[in-house]
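J.: Quick one: the structure is below, questions incoming.
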Amino acid sequence: MAASTATPAATPAAGAGAGAPHEDLIIDEENNVLEDEEQDDSPEHEHAVSVPEETGEGGKLKMIVQLVKRCFGVKDIASMRLSLPASLLEPIPNLEYWHYLDRPDLFAAINDSEDPFERMLAVLRFTFSKDLRHIRGKVCKPYNSVLGEHFRAHWDIIPVSYSSDPNHPPIQHHHLLPGASTLSPPRPKSEAGSIRSGKKGGVGGLLSGWSTTALDRASDSPVESNASAQYSTLSLATTGGASTTSSPTPSSGGGDGAARVRVVYLTEQVSHHPPVSSFRAACPARHLALAGVDQIAAKVTSTAAVRIGAGEQNRGLFVTVAGGHGAGETYHATHPVAHVNGILRGNFYVTMGEATVVTCSREGASGEQLRAVVEYKEESWLGKPQFAVEGVVHTYDPARGEHAEWTRPKHVPRSRVRAEIAGSWRGLVRWRRAGAAEWHTLIDLGALAVVPKAVRAVERQEERESRRLWDAVTRRLVAKEYGEATRAKVTIEQRQREEAAERKKRGVEFIPRYFEKDASDGIPVLTKEGEQALAEELAEEAEFPLEAAPVPA
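Residues 40 to 592 (my numbering) make up the sequence shown, in order.
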């Protein structure tokens, strides 16, 4: 799966921080959608995106309908320029909201086993967990990222432990949901039902998917709240120089005295036309790194759903193992396709399609390697979505190249299959060895909560760091001062236009600060400043003792 902001909503499709559409299609004070092909760099149009502070539900409905209508037939919505009023946005920056470390403890566990097959299972657990916030939270629209914006954070997590049975999944120790059932994951209402049945609350029912859940923290259901946004909002009240985290509703488990491992994360918006971001994460204590480029391609389908896939520069996720049991291994995981459904009824929900392929390669190795193909089963437009997945883990010979055609589980020769996978990507996923009758739990997504990140206080952040950059917008959204929030948002966008015009006038090109510009292979490389930023994040004060990172030989 992947992540990126899409059109009226953000989804777990391919591409995170960068994947948002350009926000330069104007919605004026009468909520009319205007072309802005020649206006986006003109200061005289600065206030064209502002809307009245008391925009009613009728106005919001008109905007949503016009946006959906305008997107029909557009080849790639991500290349459009859209400027939404702040009242329709989630109060959280896109680079903060979109990442792949909702369960950093599973990422840190990838290299724990001596067995290559068990390491592949660990990568699959991480792959299924990386978009957990889309299971726990509603579809939402964060702020679009601006060029040069960056975000960094870290997680201090308790390492997983293991039972005596190698067929059992690792035991996770914190941020688990009490009493959660994975056998019946929450399902949205059938979109094929009568539209009249969605009249609850009038237009409010149609707009329910647009509610900014970070502003309504009374919800008791973890599935009905955007955990990541809540953590971000709660930390806004913290002052001083300390890092800010939030106490999640789910139990954090025991072992408060146990040593943690730290996972650090850095991302930067490296392009605006098209929108692209680069990211890198690391867990030095476990010899692990994660990297990728986020960009999406999106369009409205004939059924009024938004289809989101990987953009041209988005090659997927790359997990590299620098030491330990899997030294020299690289795991490449591609992104499936996501659909945002229920737009016409205001009952937004996400379904997944096509497949994720996880390929293990090892530096200097010859002979057979392991690969996994996980298919997200196609949903019927009629009836309730099933969220079903099935897949296989199989061997392949890199020298022969035949595996490139194995894009679905049914394509893999039975003689190559090592294990089968089946279940729900929103709930329980199981596996069994080829030829065996007994199934084992791979991951129980229904029992997992999003692990909150630790972020430095706004006062300690740089001007282009996400929380500080968008602070005025966030504070006004939380206070429900929508007109002021929109004006603060327009100020940020206008500054970006002016900077772009100045670069064009001077004939200079934007150079990213933390990542090398060329990431054509999909694996961005840190600059010296990027390495320093991650080193600083590793050195942030910890509340609990941390495992020491190994000293390079």
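Glycine is no exception: its CB is placed at the ideal position from the N, C-alpha and C atoms.
What residue from T398, E579, K416, E417 has the CA that sits closest to R410's CA?
T.: Of the candidates T398, E579, K416, E417, the one whose C-alpha sits nearest the C-alpha of R410 is T398.
J.: Keeping to the same chain, check which residues put their C-beta closer than 6 angstroms to that of G363; ignore five residues upstream and five downstream.
T.: If we look at G363 and ignore the five residues flanking it on each side, its Cβ neighbours are N150, H326.
J.: Measure from the alpha carbon of E153 to the alpha carbon of each residue in V345, K338, P205, then state which is nearest.
T.: Minimum Cα distance to E153 is reached at P205.
J.: At a cut of 8 angstroms, does the region 128-135 reach the region 381-397 through at least three beta carbon pairs?
T.: Contact fails: fewer than three Cβ-Cβ distances are below 8 angstroms.
J.: How is K449 classed by DSSP in three states: helix, strand or coil?
T.: K449: helix per DSSP, three-state reduction.
J.: Can you tell me which residues form a DSSP beta bridge with H433?
T.: Beta-bridge pairing links H433 to R410, V456.
J.: Kindly indicate which three-state DSSP category Y270 falls into: helix, strand or coil?
T.: With a pLDDT of 36 at Y270, under the threshold of 50, the modelled position of that residue is not reliable, and the figure given next carries that caveat. Reduced to three states, the DSSP call for Y270 is helix.
J.: Could you give the distance in angstroms between the alpha-carbon of D144 and the alpha-carbon of K169?
T.: Their backbone Cα atoms lie some 11 angstroms apart in a straight line.
J.: Count the other C-beta atoms from every protein chain shown that fall within 10 angstroms of the C-beta of K544, then say buried if there are 16 or more, exposed otherwise.
T.: K544 comes out exposed.
J.: Let me check one thing: in DSSP terms, what residues is V397 bridge-paired to?
T.: For V397, which the question treats as bridged, DSSP gives the partners A372, A411.
J.: Let me make sure I understand the geometry here. Which of T369, Q211, Q571, L140 has the alpha-carbon closest to that of P155?
T.: Among T369, Q211, Q571, L140, the Cα nearest to that of P155 is on T369.
J.: Could you name the residues of the same chain whose beta carbon sits closer than 7 angstroms to that of G392, not counting the 5 residues immediately before and after it, in chain order?
T.: If we look at G392 and ignore the five residues flanking it on each side, its Cβ neighbours are P375, V376, H378, Y415, E417.
J.: Report the three-state DSSP secondary structure of G365 (helix, strand or coil).
T.: Reduced to three states, the DSSP call for G365 is helix.
J.: So, are the CB atoms of A404 and A361 less than 8 angstroms apart?
T.: Going by C-beta atoms, A404 is not nearer than 8 angstroms to A361.
J.: Y182 bridges to which residues according to DSSP?
T.: Beta-bridge pairing links Y182 to P132.
J.: Which class does I347 belong to by DSSP, given the choice of helix, strand or coil?
T.: Three-state DSSP puts I347 in a strand.
J.: Helix, strand or coil: how does DSSP classify F167 here?
T.: Correct three-state label for F167: helix.
J.: Could you give the DSSP three-state label for H193: helix, strand or coil?
T.: Three-state DSSP puts H193 in a strand.
J.: Is it buried or exposed, E575, if we count other Cβ atoms within 10 angstroms and call 16 or more buried?
T.: Flag for E575 reads exposed.
J.: For P452, which of V303, P424, V432, G296 has the nearest alpha-carbon?
T.: Ranking the options by Cα distance to P452, first place goes to V432.
J.: Since A147 and V300 should fall inside the 8 angstroms C-beta cutoff, what is the C-beta to C-beta distance between them, to a whole number of angstroms?
T.: Indeed they touch by this definition, with Cβ atoms about 5 angstroms apart.
J.: From the DSSP output, in three-state form, read off P314 for me.
T.: Strand, per DSSP.
J.: Sort Q500, F387, Q535 by Cα distance to A343 and report the nearest one.
T.: If we check each option's Cα against that of A343, F387 comes out closest.
J.: Pull up the distance between the alpha-carbon of D333 and that of G355, whole angstroms please.
T.: Between D333 and G355, the C-alpha separation is close to 8 angstroms.
J.: I need the DSSP call for F357, collapsed to helix, strand or coil.
T.: Correct three-state label for F357: strand.
J.: Please list the terminal residues of the continuous alpha helix (DSSP H) segment that includes L467.
T.: Where L467 is concerned, there is no enclosing alpha helix (DSSP H), although the beta strand (DSSP E) it sits in stretches over 467-472.
J.: Just verifying my parser: in three-state terms, what is the DSSP assignment at V547?
T.: In this structure, V547 counts as coil in the three-state DSSP scheme.
J.: Let me check understanding here. Comparing Cα to Cα, which of R172, A125, A438, Y139 lies closest to G466?
T.: Cα-wise, what sits closest to G466 is R172.
J.: Assuming W470 and E459 make a contact with CB atoms under 8 angstroms, what is their CB distance in whole Å?
T.: Confirmed, Cβ separation roughly 7 angstroms.
J.: In terms of alpha-carbon separation, which member of P551, H371, E498, A324 lies closest to A588?
T.: Taking only the C-alpha atoms, the option nearest A588 is A324.
J.: Determine the closest residue to L565 out of S559, R552, L577, with distance taken between C-alpha atoms.
T.: Comparing Cα-Cα distances from L565 to each of S559, R552, L577, the minimum goes to R552.
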